[in-house]
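J.: No gaps in the numbering here: position 129 of the sequence shown is 140 in this note's numbering, and each next residue is one more. The C-beta atom is built at its ideal place from N, Cα and C for all residues, glycine as well. Have a look at the structure that comes next, please.
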Amino acid sequence: MEENLRRLLLAFEDWLVREGLLGDAKFYTPAEWQKRGEDYHNDAVAIMVFDGSTVHHMLNFGCDLTEFDDIFESFGFWYELGHSWNLGIYPEEDFDFTPVARMSYSQLLRDPRWRRKADLVKKVAEHQCQDCGSGGRLEAHHCYYARMSNGFHPWEYPLGALRALCPDCHEKREKVEMSFRAWSAKLTHQQLVQLQTGVDHAGYWMGHNELFELLNESSRNECEELQELHKRVMSKPTR
Numbered sequence: 012m013e014e015n016l017r018r019l020l021l022a023f024e025d026w027l028v029r030e031g032l033l034g035d036a037k038f039y040t041p042a043e044w045q046k047r048g049e050d051y052h053n054d055a056v057a058i059m060v061f062d063g064s065t066v067h068h069m070l071n072f073g074c075d076l077t078e079f080d081d082i083f084e085s086f087g088f089w090y091e092l093g094h095s096w097n098l099g100i101y102p103e104e105d106f107d108f109t110p111v112a113r114m115s116y117s118q119l120l121r122d123p124r125w126r127r128k129a130d131l132v133k134k135v136a137e138h139q140c141q142d143c144g145s146g147g148r149l150e151a152h153h154c155y156y157a158r159m160s161n162g163f164h165p166w167e168y169p170l171g172a173l174r175a176l177c178p179d180c181h182e183k184r185e186k187v188e189m190s191f192r193a194w195s196a197k198l199t200h201q202q203l204v205q206l207q208t209g210v211d212h213a214g215y216w217m218g219h220n221e222l223f224e225l226l227n228e229s230s231r232n233e234c235e236e237l238q239e240l241h242k243r244v245m246s247k248p249t250r
């Protein structure tokens with residue numbers, strides 16, 4: 012159980028950081044929590060405290076918690092709110108915490124826990140390919156792998172790391188993602204952050220399809236206009 016809890020806390024914190032939800036959230040061990048003398052969660056295996064974090068809003072104001080809940084379930088745990096600003100983490104009584112025997116990746120994909128996760132990915136996608144929109148046979152695709160040295164299993168990734176794809180798009184996407192990772196080697200980590208932030212920001216206001224069409228179809232003269240726009244934007248006084 013302790014090993015699953017370790018991986019859960021790593022995966023959960025990674026997800027909070029990627030989604031911009033971490034804020035002031037902090038994890039406590041049972042011993043640290045009991046020193047506070049709180050009324051709730053003294054039987055929990057870990058406790059999370061949050062106040063300014065967006066997690067507070069998510070858990071207290073009726074947001075969609077499908078992905079949030081699934082993270083805990085993937086590792087064999089559930090959570091319960093104490094006050095509005097903390098939650099306790101508890102192991103599921105019937106979950107088998109026996110370490111998974113060493114096996115091939117294809118064997119892991121036959122595990123019932125992966126089949127449950129794959130079915131949920133397709134359900135969230137409303138049983139349509141999330142790249143081309145077709146129905147029919149779908150496969151659950153990992154868009155990235157992280158912390159493999161920590162022993163993450165295929166079903167222990169958040170829903171946001173997975174995508175429901177038809178077999179044709181699945182094959183194409185794996186090649187494109189490999190090419191994109193190779194291309195990203197040209198950029199510094201700061202440029203990667205700027206790329207992600209800039210695409211999210213500009214895509215929000217003008218639409219991602221429109222943004223990508225603009226970047227892909229711009230002629231030399233239009234790129235020079237974009238350079239002039241860059242100069243004007245960067246010359247604005249900061250507030």
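1) What residues match up with Arg174 in a beta bridge as DSSP calls it?
2) Give the range of the beta strand (DSSP E) segment to which Glu43 is assigned.
3) With a CB to CB cut of under 6 angstroms and the five nearest residues on each side skipped, what residues in its chain are close to Val132?
4) Can you name, in chain order, every residue of its own chain whose Cβ lies under 6 angstroms from the Cβ of Phe83, other than the five neighbours on each side?
5) Note the first and the last residue of the continuous beta strand (DSSP E) segment covering Tyr168.
6) Tell me which residue opens and which closes the beta strand (DSSP E) that Phe88 is part of.
7) With distances taken Cα to Cα, identify the nearest neighbour of Leu33 among Trp44, Ser64, Gln45, Glu43.
8) At the level of alpha carbons, what is the spacing between Glu104 and Ser85?
9) Would you mind listing the alpha helix (DSSP H) stretches within the stretch 52-111 that are 4+ residues and don't spill past its ends, in chain order?
10) Going straight from the alpha carbon of Met217 to that of Arg243, what length do you get?
11) Residue ranges of each alpha helix (DSSP H) run of no fewer than 4 residues wholly in the stretch 187-229, ordered along the chain?
T.: Reading off the structure:
1) Answer by DSSP bridge pairing, in chain order: His152.
2) For Glu43, no beta strand (DSSP E) run applies; the uninterrupted alpha helix (DSSP H) run containing it begins and ends at 41-47, by DSSP.
3) Ala151, Leu173, Ala175
4) Trp89, Tyr90
5) Tyr168 -> no beta strand (DSSP E), and no H or E assigned at all.
6) 88-92
7) Ser64
8) 14 angstroms
9) 65-71, 77-86
10) The alpha-carbon atoms of Met217 and Arg243 are separated by roughly 19 angstroms.
11) 200-217, 219-228
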